[in-house]
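Counting in full-length UniProt numbering, the sequence shown runs from 1 upward without gaps. Here is the structure we will look at, set down as C-alpha cells.
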Amino acid sequence: MTHGIKIREAHFPGRAPIDAYGNGGFRFADMSHRGSILCLPSGIHGWEPQTPPILSRRDVDMILEQAADIEILLVGTGVDLRRIPDDVRAALRAHHISSDPMSTGAAVRTYNVLLAEDRAVAAALIAVD
Numbered sequence: 001m002t003h004g005i006k007i008r009e010a011h012f013p014g015r016a017p018i019d020a021y022g023n024g025g026f027r028f029a030d031m032s033h034r035g036s037i038l039c040l041p042s043g044i045h046g047w048e049p050q051t052p053p054i055l056s057r058r059d060v061d062m063i064l065e066q067a068a069d070i071e072i073l074l075v076g077t078g079v080d081l082r083r084i085p086d087d088v089r090a091a092l093r094a095h096h097i098s099s100d101p102m103s104t105g106a107a108v109r110t111y112n113v114l115l116a117e118d119r120a121v122a123a124a125l126i127a128v129d
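What follows is the structure, given as C-alpha cells:
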C-alpha cells in the first residue's frame, strides 16, 4: 500500500509580523514559507499570483472576500515597483480598499508598522530572491 504525500494549502491562522524575506520566501511566527504570501485578517496564506509581478483581477479574489476588514492593501511587487492594473485597482476601490504598490521590502516594513498600530491592513507580497 502506497501513501502519497499530502500537500495542504499553506495557511497560518493569525496575524503576525513578517520577520524576514528573501531567498524566495518569508519568515513569520517562527515559521517559513517558500513563495509569495497574502497577509489577511484571516491569517497568512500561501499565494501564487497568475503573472507576477503584475497582479490580475483573479489574484485579489481572497482579498475581496475579506474586504470588510481591510482598509489598506500593500502590494509588494518584487524588487521593482510595478503598477497595479486599472481593473484590479477599480475592484479594490469598489470595496473601499486603498492599494499601494511598492517593492516587497518596503511593503514588508510598512505592513509591520501598520500591523503594530492595529490598522486594518493587508498585504500581497511577491517573493524575492
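Even for Gly, the Cβ is constructed at its ideal location relative to N, Cα and C. Quick caveat, the model's predicted, so the values are computed rather than measured.
Minimum Cβ-Cβ distance from residue i to chain D less than 7 Å
i	result
L115	The structure shown contains no chain D; it is built from a single protein chain.
Exposure label - residue i; buried when at least 16 CB within 10 Å
i	result
A116	exposed
V113	exposed
Closest residue to residue i among the options (Cα-Cα distance)
i	options	result
D59	H11, A91, G14	A91
H45	M31, I84, R57	M31
V128	V79, I72, D69, R119	V79
D100	A120, A94, D87, G76	G76
E71	T110, L40, V108, V121	V121
G105	R119, L125, L114	L125
G24	D118, R82, P52	P52
R96	A68, R109, Q50	Inspection of the sequence shows that residue 96 is occupied by His rather than by Arg. Residue A68 is the option with its Cα nearest to H96.
Cα-Cα separation, residue i to residue j
i	j	result
A123	M102	11 Å
R98	R89	Before going further, note that residue 98 is Ser rather than Arg in the sequence given. Cα-Cα distance, rounded: 8 Å.
I63	G22	23 Å
A29	D87	34 Å
Closer than 6 Å: residue i CB and nearest the ligand ZN heavy atom
i	result
A116	Of ligands this structure carries none, so the ligand ZN is not represented either.
For residue j and residue i, believed in contact at Cβ under 8 Å, the rounded distance
i	j	result
I54	P85	7 Å
A20	F26	7 Å
P49	Q66	Actually they do not touch by this definition, with Cβ atoms about 17 Å apart.
In DSSP terms, what residue i is bridged to
i	result
M62	For M62, which the question treats as bridged, DSSP gives no partner whatsoever.
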